[in-house]
Amino acid sequence: MLGRIDVKVAGFTVYSKEIGFKSVDRAIKNFTDNIEKIKSVADGSAFDPEKIAKKAKSRAISSFRAKLPKGSLKVYDDFVGLSKSVKKARNDTINDSRRRIPGKLATIVTQYYGIKKSEIMPNKGAKAAANISNAYEKGIVYTGRLLTPTHFKMKAKTSIVPFQRADGSTGRRKVQTISAEIIKGQRKILGSSLFLAKSGAAEGAPMIPFQRRGKARTPIDVFKTLSVPQMLTGDLARPELEACIVEVMNERYTHNLNRHMSRYVKGKVGL
Numbered sequence: 011m012l013g014r015i016d017v018k019v020a021g022f023t024v025y026s027k028e029i030g031f032k033s034v035d036r037a038i039k040n041f042t043d044n045i046e047k048i049k050s051v052a053d054g055s056a057f058d059p060e061k062i063a064k065k066a067k068s069r070a071i072s073s074f075r076a077k078l079p080k081g082s083l084k085v086y087d088d089f090v091g092l093s094k095s096v097k098k099a100r101n102d103t104i105n106d107s108r109r110r111i112p113g114k115l116a117t118i119v120t121q122y123y124g125i126k127k128s129e130i131m132p133n134k135g136a137k138a139a140a141n142i143s144n145a146y147e148k149g150i151v152y153t154g155r156l157l158t159p160t161h162f163k164m165k166a167k168t169s170i171v172p173f174q175r176a177d178g179s180t181g182r183r184k185v186q187t188i189s190a191e192i193i194k195g196q197r198k199i200l201g202s203s204l205f206l207a208k209s210g211a212a213e214g215a216p217m218i219p220f221q222r223r224g225k226a227r228t229p230i231d232v233f234k235t236l237s238v239p240q241m242l243t244g245d246l247a248r249p250e251l252e253a254c255i256v257e258v259m260n261e262r263y264t265h266n267l268n269r270h271m272s273r274y275v276k277g278k279v280g281l
């Protein structure tokens, strides 16, 4: 028996006990722990919900692991590792798909529509016909405006045709015939009422087709066709697009599963 130890802080006894030689280390540890508790109350950290939850979770895991037989501990660790591997593989697959799928979809669309691949690829400049937002839950979301025929290999041909005036005399006038290849390999005349005009007053503004609403010269509207989202969801290309998406995601998910689970599973994992 060494005697009695009393520890006081700010006039309060935080530890008091009769101790022996074997109790010295425990007394010092308890003293230190109590000092830390007082500090945490003083600075408010003892009431931090995140810290409390983190400590509780850590204690629960430690308690659970302590109760497991030694032979089962590795099985438990492998199970936790496998669960994390599946989550990592899922996240990596989503990121991989966002990078790989747009280019593959653009290639397929150009097989069915007379538009350039560079115009379908998103965020490639001001002339891009589509943009992509990578919403986590929604995946890949395409947005895009209705396009003028200039995006579909538009051609304009001017012809001189005769016409009869109101007084019975005849004259000649210019008539524009505008065609475009909206569906690949199927060039069609867009209509007899279309005419080309500048899209703006600025110098160098492109010539685009307009259409009159009635028989009068005005009002007129820009003639538009399809948008990129409509091409992606239309019946023409959709079956092949959907098959491409499934193929890419399955391939990337299998690859990422094998990469993350190789530590816990022997051989290859397949879907």
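Numbered by our numbering, the letters in the sequence shown go through residues 11 to 281 in order. Even for Gly, the Cβ is constructed at its ideal location relative to N, Cα and C.
Beta-carbon separation (whole angstroms), L157 vs K234, contact threshold 8 Å: K234 and L157 do touch by the CB rule: their CB atoms are close to 7 Å apart, below 8 Å.
Beta strand (DSSP E) runs contained entirely in the stretch 166 to 240, provided each spans 3 or more residues: Counting only runs that start and end inside the stretch 166 to 240, the beta strand (DSSP E) elements of at least 3 residues fall at 180 to 193, 196 to 201, 204 to 208, 217 to 222, 230 to 232.
8 Å Cβ cutoff met for E191 and G244: Going by C-beta atoms, E191 is not nearer than 8 Å to G244.
Opening and closing residue of the alpha helix (DSSP H) in which T264 lies: It spans 248 to 271 - the alpha helix (DSSP H) in which T264 sits, taken as one unbroken run.
Same chain, Cβ closer than 6 Å to K127, five either side skipped, listed in chain order: Only A116, T120 meet the Cβ criterion.
N-terminal and C-terminal residue of the alpha helix (DSSP H) that I130 is part of: Its alpha helix (DSSP H) spans residues 127 to 130.
Whole-angstrom C-beta distance between Y263 and T103, which should lie under 8 Å: With 8 Å as the limit, T103 and Y263 qualify as a contact, their Cβ atoms being about 4 Å apart.
Cβ neighbours of G91 in the same chain (closer than 6 Å, five flanking residues each side left out): The residues Y274, in chain order, have a CB closer than 6 Å to that of G91 in the same chain once the five nearest residues on each side in sequence are set aside.
Where Y274 falls: helix, strand or coil (DSSP): Residue state for Y274 is assigned as coil, using DSSP reduced to three classes.
Distance, I71 Cα to E250 Cα: Taking the straight line from one Cα to the other gives about 48 Å.
CB of V96 within 8 Å of CB of Y152, strictly: Contact: no.
C-beta atoms of L242 and Y122 nearer than 8 Å: Going by beta carbons, L242 and Y122 fall outside the 8 Å limit.
Stretch-stretch touch, CB-based, cutoff 8 Å, three pairs: the stretch 162 to 176 with the stretch 254 to 270: Taking a contact to require three or more Cβ pairs closer than 8 Å, the stretch 162 to 176 and the stretch 254 to 270 do not qualify as touching.
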